[in-house]
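In the numbering used here, each number is its position in the sequence shown, counted from 1, plus 5.
We treat Cβ as the ideally placed atom computed from N, Cα and C, and that holds for glycine.
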Amino acid sequence: MKKTTEEKKAANEVWVTGTTSFGSYLAYIARLFDENYDQIVIKAMGYAITRALDLGMLLRRKFKGIHQIAEVRMESLKGQDGNREVGQVVITVSKKELDRNHVGYTGPLPDAEVQEYQPFVATEARNEQPPIPRGRGRGGYRARAEGHRNNYGLSLIHICRCRRYAVCRSRWSPYH
């Protein structure tokens, strides 16, 4: 599907998808704020709208003094079946004050409610030995092939086929 209005993505524009983690968006937006962008536009369409709104709320809780305006639009897309209308949300996030009279305006949270964003910093490699490789769980790969073991260590196949199951304690018996 192609948009009817072909637009180029601006440098301060972030498109939210349904699969990318919020940590990646936070790191990218923090980098944009560090590059002296005062205003960032977050856009999403369809099922990603709720994720974009969650990201907007998360930004207000991670950065101090964030003003936000949220707008809902309908976007026309061309497809094989013709044009169709898809919902779109555009969230403008800014460190400077935005239009307070706008319907979708949300002011900054008090500083006590904001937990400042700390980007992940990789530390130096530790001089530790690599972890000891673990086995394949209880009984290895053969136990799964024979079925799970019961309290006496008998496989499910043995339990089903054994004639003396009520008194059988033998794991190695060929079904008596």
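> Between which two residues does the alpha helix (DSSP H) containing GLU96 stretch?
Replying inline: In the sequence as presented, Glu is not what sits at residue 96; that position holds Ile. Here ILE96 belongs to no alpha helix (DSSP H); instead the beta strand (DSSP E) covers 87-99.
> Which two residues bound the contiguous alpha helix (DSSP H) that contains LEU64?
Replying inline: Start and end: 54-67.
> Is DSSP giving PRO74 helix, strand or coil here?
Replying inline: According to the sequence shown, residue 74 is Ile rather than Pro. The answer is strand: DSSP assigns ILE74 an E or B state.
> Excluding the five sequence neighbours on either side, which residues of its own chain have a C-beta within less than 6 Å of the C-beta of TRP20, listed in chain order?
Replying inline: LYS48
> Could one say the Cβ of GLY70 lies closer than 8 Å to chain C's Cβ atoms, at least one of them?
Replying inline: Of the chains in the structure shown, none is chain C; there is only one protein chain.
> Which residues in the same chain have their Cβ closer than 6 Å to the Cβ of TYR42, if we skip the five residues on either side of it in sequence?
Replying inline: ASN17
>> Measuring alpha carbon to alpha carbon, tell me which residue in GLY70, ARG56 and ASN88 is nearest LYS101.
In response: GLY70
>> Just to confirm my understanding: we take ILE34, look at its own chain, exclude 5 residues before and 5 after, and list those with CB closer than 7 Å. What are they?
In response: VAL19, ILE45 and LEU64
>> Considering only DSSP beta bridges, list what SER81 is partnered with.
In response: Bridge partners of SER81: GLU90.
> Quick one, which of VAL77, ASP39, ILE96 and TYR110 has its alpha-carbon nearest GLU90's?
Replying inline: Measuring from the Cα of GLU90, the nearest candidate turns out to be VAL77.
> If you run the structure through DSSP and keep just helix, strand and coil, what is ALA49?
Replying inline: ALA49 falls in the strand class under three-state DSSP.
>> Quick check on GLU102: does DSSP put it in helix, strand or coil?
In response: In the structure shown, GLU102 adopts coil according to DSSP, grouped into three states.
>> If the criterion is Cβ atoms closer than 8 Å, does the pair GLY92 and MET62 meet it?
In response: Cβ distance not < 8 Å, so GLY92 and MET62 don't count as in contact.
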